Every structure is written in C-alpha cells, then in structure tokens.
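As numbered in our numbering, the sequence shown has no gaps in its residue numbers, which increase by one up to the final residue, 778.
For each residue, glycine too, the CB sits at the ideal point set by N, CA and C.
It should be emphasised that the depicted structure is a prediction, and the values quoted were computed from it without experimental measurement.
A quick write-up on the structure given underneath.
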Amino acid sequence: RSALDSAIYQLDVWHRVFLSAEDTLRAHEAEDGEEKEMEALFHRLLRMVVSRDERVLKLAEQYLDLPYVLAIGRRTIGSGLIGGKAVGMLLARAILRGADPKWENILEIHDSFFIASDVFYTFLVRNGCWWIRKNQANPNTFLVGAGQARRRILTGVFPEEIKRQFEEMLEYYGQSPIIVRSSSLLEDNFGNAFAGKYDSVFCANQGSLHERLEDFLSAVKTVYASSMSEEALAYRARHGLLDRDEQMSILVQRVSGSRHNKLFFPQVAGVGFSFNPYAWSEYIDPKAGMLRLVFGLGTRAVDRADDDYTRIVALNAPERRPEAAREGAGLYAQRKVDLIDFEENQLVTRDFQDTLEECSDIPVNLFAARDPQLARAARDSGLKPSAARRLNFDALIKQTPFIQDMRDLLEILQTAYDYPVDVEFTANFVDQQQYKLNLVQCRPLQVRSASLQEEVPEHLQRDKILLQTSGPVIGRSRVDPIRRLIYVHPTLYGQLPMRERYAVARLIGRLTALDDDTARGGLMLLGPGRWGTTTPSLGVPVTFAEINTVSILCEIVAMRDDLVPDVSMGTHFFSELVEMDMLYLALFPDQDGNSLNGELIDKAPDKLLELLPDATAFAGMVRVIDSADIVASGRVKLHADSMTQRVICYLD
127 RSALDSAIYQ
137 LDVWHRVFLS
147 AEDTLRAHEA
157 EDGEEKEMEA
167 LFHRLLRMVV
177 SRDERVLKLA
187 EQYLDLPYVL
197 AIGRRTIGSG
207 LIGGKAVGML
217 LARAILRGAD
227 PKWENILEIH
237 DSFFIASDVF
247 YTFLVRNGCW
257 WIRKNQANPN
267 TFLVGAGQAR
277 RRILTGVFPE
287 EIKRQFEEML
297 EYYGQSPIIV
307 RSSSLLEDNF
317 GNAFAGKYDS
327 VFCANQGSLH
337 ERLEDFLSAV
347 KTVYASSMSE
357 EALAYRARHG
367 LLDRDEQMSI
377 LVQRVSGSRH
387 NKLFFPQVAG
397 VGFSFNPYAW
407 SEYIDPKAGM
417 LRLVFGLGTR
427 AVDRADDDYT
437 RIVALNAPER
447 RPEAAREGAG
457 LYAQRKVDLI
467 DFEENQLVTR
477 DFQDTLEECS
487 DIPVNLFAAR
497 DPQLARAARD
507 SGLKPSAARR
517 LNFDALIKQT
527 PFIQDMRDLL
537 EILQTAYDYP
547 VDVEFTANFV
557 DQQQYKLNLV
567 QCRPLQVRSA
577 SLQEEVPEHL
587 QRDKILLQTS
597 GPVIGRSRVD
607 PIRRLIYVHP
617 TLYGQLPMRE
627 RYAVARLIGR
637 LTALDDDTAR
647 GGLMLLGPGR
657 WGTTTPSLGV
667 PVTFAEINTV
677 SILCEIVAMR
687 DDLVPDVSMG
697 THFFSELVEM
707 DMLYLALFPD
717 QDGNSLNGEL
727 IDKAPDKLLE
737 LLPDATAFAG
747 MVRVIDSADI
757 VASGRVKLHA
767 DSMTQRVICY
777 LD
C-alpha cells in the first residue's frame with residue numbers, strides 16, 4: 127500500500143470497516159472466510175461510501191463488488207459518501223466492462239480521488255457556517271446568511287490532517303492538470319440533475335507543491351461555496367429538497383488529453399443522451415440518442431457558449447445536421463477551443479486556427495476539413511496552410527467506429543439504468559481508427575415525451591395568428607393555453623446601453639416571480655437574441671432562476687443579423703429546459719414559415735406598470751399582456767410539434 131493509502135486509512139470507525147473488509151476478502155481468497163460475512167460488509171460499505179438512495183444502491187449491488195468498493199476507499203480522503211457524480215462515473219464504467227470485453231480496451235483508466243462528504247461538514251463547523259447551513263432547511267429563510275456563508279467558506283481553513291492528505295494526492299498527480307468537480311449527495315441522482323448548479327474548477331497544477339496546494343485549496347473552497355449560491359438554493363427549494371441532507375463531496379480527476387508545447391487538451395469532448403428529445407427530422411429516431419461534440423475541453427459542450435457553436439449528432443442519422451436547412455454548416459462551426467495553458471497556469475480560450483499552429487501531432491483531419499475561404503484568408507495573412515481548416519467532425523463520424531461505439535455505450539447504460547442517461551466524455555485518437563474514451567460522468571436524463579392530441583384549426587386568419595415558427599424547437603410536443611405574455615421589444619432593447627440591459631433582466635425576474643403557485647403555467651417569454659446569455663450584446667442576461675416559472679421561451683432573431691440561435695443540446699441550460707418541461711423555440715421574423723404579429727402585441731393593453739409601478743423607465747420596451755385582454759374568450763393557444771419543428775400560437 128502506498129504512503130497515500132496509509133495516510134487515508136487512519137484507524138477511525140469508518141476506516142476500521144474498510145480494514146475489516148480487506149481482511150475478510152483476503153481470507154475469502156485463501157478459502158478461509160465466510161461468504162455471508164463478506165456479503166454483509168459489502169452492503170455496509172455501499173451505504174457508507176456509495177449512496178443511501180435505494181435505486182442507486184440496487185445498481186451498485188448489481189454491478190459493483192467488494193474489491194471495487196475497497197479500491198474506492200483507498201482513494202478516499204476523509205470519511206463519508208463520495209457523492210452522486212463520482213458514483214455515476216464509477217457505476218457506468220463497471221456496467222460497460224461487465225457488458226462487453228471491448229470496453230476494457232477502449233476506456234481510459236479513471237485516475238480519480240474522492241473527498242468524502244464528512245470533510246465538507248467538518249469544514250463548515252470549523253469556519254462558522256454550521257448554523258447558517260441549518261437554517262437553509264426552512265423555505266422561509268433558506269437565503270438568509272447565504273452570502274455570509276460563501277464569504278466564510280472562501281476564506282476558510284482546513285484541518286492540518288486533511289491538508290496533508292491533499293498534499294500527498296498532489297504529489298501523486300505530479301504536475302498533471304486536474305479538475306475539481308462537485309459531487310454532492312443529491313447530484314446526478316434520479317429526478318434531480320443539479321446540472322450546472324455547482325461549480326467545477328480546472329487546476330493547471332503547475333509550480334511548486336506549495337503553489338499547487340494553494341490553487342487546489344482555492345478550487346475546493348470554490349466548489350464548497352457554490353453549494354450556498356442563490357441559484358443552487360433556489361433549485362433545491364423549487365424541487366422540495368431543502369430538508370434533504372445535501373453534503374458536498376468532491377471528485378478530483380486527472381484531466382484527459384495530452385500536451386502540445388505549452389497547451390493541454392483532449393482531442394474530442396462532449397455529452398451524449400441515450401434519448402434524443404430534439405428530433406428535428408422525420409429521419410431521426412429519438413431512441414437512438416444524440417451527441418454534442420467539441421474539440422478541446424468539454425466546457426464548451428456543457429456550458430452555453432454565446433459566441434460559438436458545436437456539432438450536434440443524431441446517432442441513427444449522424445450526417446443529418448439540424449442547421450442544414452439554413453445558410454450552411456460553415457456558420458455553425460466551432461471556432462474557439464477551451465484548453466489549459468501551462469505558461470498562464472489556467473484554463474484559457476483560444477481560436478481554433480491559432481491552436482492548430484502549435485499542434486502538429488494530432489490527427490486533425492478527423493475533426494476538421496480544409497475550407498477554401500479560410501485558405502484564401504490564411505494565404506493573404508501569411509499563415510500556414512494547416513490553419514485553413516473548419517471544425518466539422520465529418521471524418522470522425524464517417525470513417526471511425528466512434529459513433530457506433532457511442533450508440534452502443536448509451537444503449538448499454540440505458541438498459542442497465544432502466545432509464546435514459548446523460549453522459550460526459552473525452553476521446554483521444556492514437557491513429558485514424560483507435561482511440562481511448564474517458565467517461566467522466568453518467569446520470570439519469572430527465573425526459574418527457576407526448577404526442578399531439580389536437581390539430582391546428584384550418585384556415586386561420588392572419589390577424590388571429592400571434593406567432594409561428596419552423597424551428598428550432600426543443601421540448602415535448604404540446605397544445606397548451608397561454609395565460610400571459612412577457613415581451614421584450616427587440617429594436618428598443620437593441621438601443622439600450624449594456625449596463626441597462628442587466629436592469630431589464632432583473633425586471634424580467636421580478637415579473638416572472640409575481641405568479642403564485644395556483645396561477646402558474648401558461649407564461650410565455652419572448653425577447654431578442656439569447657435568453658440566459660452572459661453577454662448582454664447577444665440577448666437578455668437573465669439567470670435561469672429568474673425565468674424558472676416560464677412555460678414557453680421564445681428567442682426572436684431580430685436584434686442582430688449575425689446572431690444565430692444555438693440549439694444548446696446537452697448544455698446545462700438545455701438540461702434545465704428539459705427538467706422544467708419548458709418549451710424552447712427560435713423565431714426568424716424574415717424567413718418563410720416564421721412570423722410575429724407585432725401589431726397585435728402593440729395594441730394589447732400593457733399591464734407592466736400595473737404590476738410594477740416603479741418600472742416606468744422600461745414602459746413600452748417590456749410589455750406584459752394577459753390573454754384575456756387580447757381576445758374576449760381569454761383563450762390564446764400554442765400548438766407545438768417538435769417532430770415537424772413547427773409552432774403556431776393563435777387566438778382561439
């Protein structure tokens with residue numbers, strides 16, 4: 127056993143059970159032990175380390191064994207549970223290896239450590255946050271003191287014994303990049319994904335041991351503090367989880383990839399769904415699943431990049447692109463790469479073309495194709511011809527076993543879970559065919575499906591149509607009544623200074639929060655550009671917590687000619703849409719099959735100042751319209767068919 131193992135295996139009650147289990151296992155292997163005793167210790171350790179959730183325990187009992195759980199213990203710092211994200215990753219790997227021997231050769235060996243849940247509670251007590259944490263179980267006071275708790279966490283200190291174990295872990299990793307990921311007890315479980323609610327932090331892990339330890343401690347405290355964020359607490363309140371024991375464990379993983387001069391990144395990263403809730407064509411089988419692919423670190427796959435695009439792949443029709451019907455795939459190509467820069471000792475974003483200049487040792491032809499337009503630009507700029515490539519992943523999709531392998535992987539995991547799954551992964555090719563896959567996350571995917579039970583009325587008069595669009599549309603098909611519209615005028619919003627656009631976002635949050643529980647449903651939000659953007663020049667910078675009462679979210683592509691809606695499949699933003707059963711649609715006012723009845727909206731009575739008398743600065747720009755004020759019957763109906771990618775909203 128290594129020095130790190132010995133440091134972790136201190137003789138408290140928790141670790142004595144592990145040592146007893148190791149002795150029992152050795153005795154059993156020597157045919158001198160009792161099967162019943164080993165079985166009892168296995169089940170006890172599962173509840174101590176893996177989970178207390180019955181559905182997760184059932185999976186763990188089926189696919190894990192005592193040696194596997196003991197191996198987890200050797201890599202655990204502190205005591206307690208290792209959390210949902212860590213369990214999902216470990217379970218998925220065990221399921222795959224048990225299903226087919228081929229996965230033994232494809233999967234990278236996971237090189238992870240687990241900071242168990244009791245370390246979190248010890249840290250809170252030591253740094254004066256315990257009573258604030260206890261008060262968060264009350265729905266009336268759950269935000270009280272949260273800001274103070276976050277500040278105390280970020281400036282807090284760890285016990286020396288825990289810091290010593292952190293040092294030994296860092297000595298094990300050397301100067302390899304690592305990522306510090308949230309792995310709370312409720313995270314990634316059945317029913318609650320917590321997608322994007324808690325932080326993950328990349329550590330370039332360069333410099334002296336002291337410098338690396340300080341960076342690591344800062345990363346751990348950042349993850350701990352994210353458990354007290356308003357967004358995370360609001361999520362727990364919305365899902366009735368405030369009274370559940372939500373401890374924050376941490377998963378520490380070696381970053382997959384390789385070094386290219388001063389840069390480090392994997393060749394491919396992405397997310398995969400075993401069920402595709404965005405079937406944009408009749409040729410797509412939702413049950414076949416889908417992928418969202420990026421070049422470089424997977425941050426651009428799971429976070430909604432306002433200034434870039436990714437490759438969406440339907441696994442039964444991988445060459446059929448959702449954007450093919452529009453201006454062309456070139457507009458939708460990934461242009462920027464997230465990677466680790468060793469000189470800057472941090473995560474950075476670089477242009478793909480610039481990254482290629484420093485990376486001559488990767489099979490770039492699998493991910494990018496030569497682009498004549500870029501070739502001319504490169505020639506005019508004096509750049510190398512290798513820079514004239516556009517990321518499209520076409521060769522990866524057509525010429526390697528990667529797509530079929532991912533389809534098999536998702537099918538195996540869904541069968542084992544008896545539930546759709548959502549995975550995160552990286553892949554690195556050693557040649558044109560062989561690659562290593564690092565499966566870094568697996569969790570149940572919240573999906574809802576429905577078929578339309580009602581047809582759109584024939585021969586609707588144009589003045590009775592509020593809006594119609596031909597996609598993209600994300601969400602289950604539905605026929606729903608619209609009770610209220612909140613509309614942000616694209617032209618007027620586009621004229622606002624950037625700082626005032628944040629004020630509009632806060633105003634939207636106040637408006638969506640006015641509904642009481644009995645009135646919720648049928649709230650439609652329409653506005654320019656991207657909802658939830660972090661860049662106000664591209665849309666309205668609301669947080670998801672500010673719009674979580676909305677039923678239909680419509681992005682009007684009218685504020686900027688070069689702004690194209692991003693389907694955002696597989697991102698944390700998308701996961702929120704699916705989990706809340708929210709319908710997303712984009713509307714191109716100047717394209718066939720798209721229209722917005724601005725005259726009807728402008729003539730309808732505006733309730734903004736009645737609801738918020740202090741919002742006079744935004745009167746006319748933000749309009750609040752109740753259906754009862756548009757049509758005498760009070761019925762405005764939305765008919766959305768996600769299979770045909772068509773939505774029509776009309777006066778009934």
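Which of the three DSSP states is assigned to residue i in this structure?
| i | result |
| --- | --- |
| Tyr324 | coil |
| Asn331 | coil |
| Val420 | strand |
| Thr246 | The sequence given here places Phe at residue 246; Thr does not occur at that position. Three-state DSSP puts Phe246 in a helix. |
| Lys733 | coil |
| Lys462 | strand |
| Ala765 | Per the sequence presented here, residue 765 reads as His, with Ala not at that position. His765 falls in the strand class under three-state DSSP. |
| Lys562 | strand |
| Gln594 | strand |
| Asn491 | helix |
| Ile134 | In this prediction, Ile134 has a pLDDT of 43, which is less than 50 and means its spatial position is unreliable; what the coordinates show is noted afterwards. Helix at Ile134. |
| Phe468 | coil |
| Pro570 | strand |
| Pro303 | coil |
| Phe401 | coil |
| Pro607 | strand |
| Glu681 | strand |
| Gln274 | helix |
| Thr475 | strand |
| Arg656 | strand |
| Ile410 | coil |
Going along the chain, which residues of its own chain have a beta-carbon closer than 6 Å to the beta-carbon of residue i, five neighbours each way excluded?
| i | result |
| --- | --- |
| Arg749 | Tyr613 and Asp732 |
| Gln594 | Ser721 and Ile774 |
| Gly333 | none |
| Gly597 | Gln771 |
| Ile751 | Leu611 and Ala730 |
| Met354 | Ala272, Ala275 and Arg276 |
| Gln472 | Ala330 |
| Ala671 | Glu357 and Ala360 |
| Asp411 | Asn442 |
Pick out whichever of the options has its Cα sitting closest to the Cα of residue i.
| i | options | result |
| --- | --- | --- |
| Leu296 | Glu340, Gln262 and Trp256 | Glu340 |
| Gly415 | Leu539, Val666, Val490 and Ser344 | Leu539 |
| Leu703 | Asp728, Ser721, Ile682 and Thr675 | Thr675 |
| Arg277 | Val349, Asp314, Asp244 and Ile376 | Val349 |
| Asn331 | Val463, Asn723, Gln379 and Tyr361 | Gln379 |
| Tyr628 | Asp548, Leu171 and Val668 | Val668 |
| Pro193 | Glu157, Leu151 and Ile288 | Leu151 |
| Arg625 | Arg636, Ser663 and Gly655 | Ser663 |
| Lys388 | Ala766, Ala345, Ile682 and Arg476 | Arg476 |
| Gly383 | Ala671, Ala521 and Asn564 | Asn564 |
| Asp520 | Pro546, Pro489 and Ala542 | Pro489 |
Regarding residue i and the ligand FMN, is the C-beta to nearest heavy atom distance less than 7 Å?
| i | result |
| --- | --- |
| Arg173 | Only the bare structure without any ligand can be found here, which leaves the ligand FMN out of the picture. |
Quick check: what's the CA-CA separation for residue i versus residue j?
| i | j | result |
| --- | --- | --- |
| Gln274 | Ser753 | 43 Å |
| Val283 | Ala147 | 33 Å |
| Ser302 | Glu337 | 14 Å |
| Gln460 | Phe493 | 11 Å |
| Phe390 | Ile438 | 24 Å |
| Leu419 | Arg142 | 44 Å |
| Cys485 | Ile304 | 21 Å |
| Leu536 | Tyr189 | 16 Å |
| Gln291 | Ile203 | 7 Å |
| Arg609 | Phe714 | 23 Å |
| Ala218 | Leu185 | 10 Å |
| Glu372 | Asp325 | 15 Å |
| Gln587 | Asp778 | 11 Å |
| Ala635 | Ile678 | Reading the sequence as shown, one finds Gly at residue 635 and not Ala. Each residue's Cα considered, the two are about 15 Å apart. |
| Val582 | Ala514 | 48 Å |
For residue i, collect the residues of the same chain with a Cβ closer than 7 Å to its Cβ; drop the 5 residues on either side in sequence, then sort them by chain order.
| i | result |
| --- | --- |
| Tyr409 | Ala443 and Arg446 |
| Leu640 | Leu737 |
Enumerate in chain order the residues of its own chain whose CB-to-CB distance from residue i is below 8 Å, with the five nearest sequence positions on each side excluded.
| i | result |
| --- | --- |
| Asn261 | Thr267, Phe268, Val270 and Gly271 |
| Thr526 | Leu492, Phe555, Gln558, Gln559 and Tyr561 |
Please confirm if residue i has its CB atom under 8 Å from at least one CB of chain D.
| i | result |
| --- | --- |
| Arg219 | Considering every chain present, this structure includes no chain D. It has just one protein chain. |
- prompt: Enumerated in chain order, which unbroken segments of the alpha helix (DSSP H) with a length of 4 residues or greater are wholly contained in the region 210-247?
  reply: Listed in chain order, the complete alpha helix (DSSP H) runs (minimum 4 residues) inside the region 210-247 are 210-225 and 228-232.
field: Whole runs of the alpha helix (DSSP H) within the region 701-730, excluding any shorter than 4 residues
entry: Within the region 701-730, the complete alpha helix (DSSP H) segments of 4 residues or longer fall at 724-729, listed in chain order.
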